[in-house]
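What follows is a set of notes on a single structure, which appears directly below.
Protein chains: 2
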Amino acid sequence: MALIRERGFHGTTMSLVSDLAGVAAGTIYHYFQGKDELIQALYAYNSERLQQVTTEALSSGATRRERFLNTWHRLYDFYVRNEAVLTFFEQYLNSPYNSGQPMGQFRSPLFRFLEEGIASREIRSIKPELLLMLVYGGVSAAAKLKLSGKVKITDSDLRDVAEALWTGISTSKPPKKARAKKSRIKST
Amino acid sequence: MALIRERGFHGTTMSLVSDLAGVAAGTIYHYFQGKDELIQALYAYNSERLQQVTTEALSSGATRRERFLNTWHRLYDFYVRNEAVLTFFEQYLNSPYNSGQPMGQFRSPLFRFLEEGIASREIRSIKPELLLMLVYGGVSAAAKLKLSGKVKITDSDLRDVAEALWTGISTSKPPKKARAKKSRIKST
DNA sequence: GCGGACCGAATGAACGTTCAGTCTAACGAA
DNA sequence: TTCGTTAGACTGAACGTTCATTCGGTCCGC
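Chains as they are written, first to last, in the numbering used here: chain A, 1 to 188; chain B, 189 to 376.
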């Protein structure tokens, strides 16, 4: 993952991988049929990890709004802490390695969460696939921005985006309380 | 672009490019120093195109809301009509070709549009960089979904997302009119 | 006859993959 | 306990292929 992050698929040679793993080139071929299979395995492994994080985050919170916001932050956190995973996914999903794959994301817990929200009329009736992409896109965009180092992203900034997204997505009017013009605190 | 879309950076060999261009391999090197420069040039060229589309779209519409929605649709349209551009961007931006680039997007007209909206209090006070990524992310996510063919995206679906996003981003309460429960038509 | 656009076989480096062989740990027989 | 056998993990030099790039040469308009 580290190699792919900084050198791309192409720049990551098998000998580089074997060096970093501390084994000989041939050894890799005892465990994987070739480079392709190695990469597929990486994807499967990390999809699994991401799914676990999502499932866990979705179960914490009383209201659907809270659960949504928790998940947003949790996913953001995961990507920021695992930059290689983020970069790998973005590269993989847009590469020919992926073409013809069955879009595993639509079996994700987050997808079901959105569907349920629509069913219970808490979330606007929008194609859940679109909602999902909007959320994933937002999270990874925020994480990429943070990791680029070009823009400082505070917790407060993050909360702003997450809440904006929830406001747009949910059916509810703006929350009853905290509507006062109370100057929004911008400190960390 | 077509080659990169279907084969990736790595799979796109110079001889493939020269064949498709109808010239000899060597000819490319009269115009570009090498593969890298060719790809950089592709990026620059398409950034320019995208910028033109954005600028044009942003100038059509009376209210800021309308201008936003127009731009959303226009960008979506552009990507759907130019799948190769979309794929190329997504690949390029996550590849080592791009690392250390100065994030040209923040000089985009859309970025200024968002800043102005914040200044005039029509758009929530959120770091405009984050807003920009949210919008771009949403547009390209929708376009990718459409192009994948896995999910049918109608104009109505698109409008839903764009409006949801605007609702979340803008400071205004939900629009006064069109609030009636008029059953939303889900047909094609 | 000049200059630059263009050609395309040749070059050399880089890469994924192979395979003949080494090493190690486990186990059963003596 | 000791030794022989074996399976399979591991090695890394070598192989064959692919590719970006080069360059001596041709072609053509002026």
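Every residue, glycine too, gets a C-beta built ideally from N, C-alpha and C. None of the values given here were measured: they were computed from a predicted structure.
Look at the region 343-358 of chain B: the residues with a C-beta under 7 Å from a C-beta of chain A are 345, 348, 349, 352, 353, 355, 356 and 357. Only exposed fits residue 121 (chain A), as fewer than 16 other CB atoms lie within 10 angstroms of its CB.
The criterion of a C-beta distance shorter than 8 Å is not satisfied by residue 216 (chain B) and residue 276 (chain B). Uninterrupted alpha helix (DSSP H) stretches at least 4 residues long and entirely within the region 98-160 of chain A occur at 109-119 and 128-148, given in chain order.
Per DSSP, residue 33 (chain A) lies in no alpha helix (DSSP H) and is assigned neither H nor E. Residue range 271-281 is occupied by the alpha helix (DSSP H) that includes residue 275 (chain B).
The Cβ of residue 10 (chain A) sits closer than 8 Å to at least one Cβ of chain B.
Note: residue 170 (chain A) is bridge-paired with A:123 in the DSSP secondary-structure output.
Burial state of residue 259 (chain B) is buried, judged by a 10 Å Cβ sphere holding 16 or more other Cβ atoms. Of all residues in the region 122-133 of chain A, the ones placed with a Cβ closer than 9 Å to any Cβ belonging to chain B are 124, 125, 126, 127, 129, 130, 131, 132 and 133, in chain order. In this structure, residue 145 (chain A) lies near residue 151 (chain A), with their beta-carbon atoms less than 8 Å apart. In the three-state scheme derived from DSSP, where H, G and I count as helix and E and B as strand, residue 268 (chain B) is classed as helix. When the beta-carbon positions are compared, residue 95 (chain A) and residue 279 (chain B) come within less than 8 Å of each other. Within the same chain, Cβ atoms closer than 8 Å to the Cβ of residue 360 (chain B) are found at 253 and 310, the five residues on either side in sequence being excluded. A contact between stretches requires three or more CB pairs, one per stretch, nearer than 8 Å, and the region 319-335 of chain B meets this requirement with the region 263-271 of chain B.
In the three-state DSSP reduction, residue 13 (chain A) falls in the coil class, being neither helix nor strand. At a cut-off of 8 Å between beta carbons, residue 283 (chain B) contacts chain A. Ranked by Cα distance from residue 116 (chain A), the first of A:155, A:170 and A:2 is A:170. Rounded to whole angstroms, the separation of the alpha carbons of residue 113 (chain A) and residue 155 (chain A) is 24 Å. When rounded, the separation of the alpha-carbon atoms in residue 231 (chain B) and residue 63 (chain A) is 44 Å.
Around the C-beta of residue 160 (chain A), 16 or more other C-beta atoms lie within 10 Å, and the residue is accordingly described as buried. In this model, residue 164 (chain A) and residue 148 (chain A) are separated by some 23 Å (Cα to Cα). Contact check for residue 203 (chain B) against residue 213 (chain B) passes: the beta carbons are separated by less than 8 Å. The beta carbon of residue 204 (chain B) sits no closer than 8 Å to any beta carbon of chain A. Within 10 angstroms of the beta-carbon of residue 225 (chain B) lie fewer than 16 other beta-carbons, which makes it exposed.
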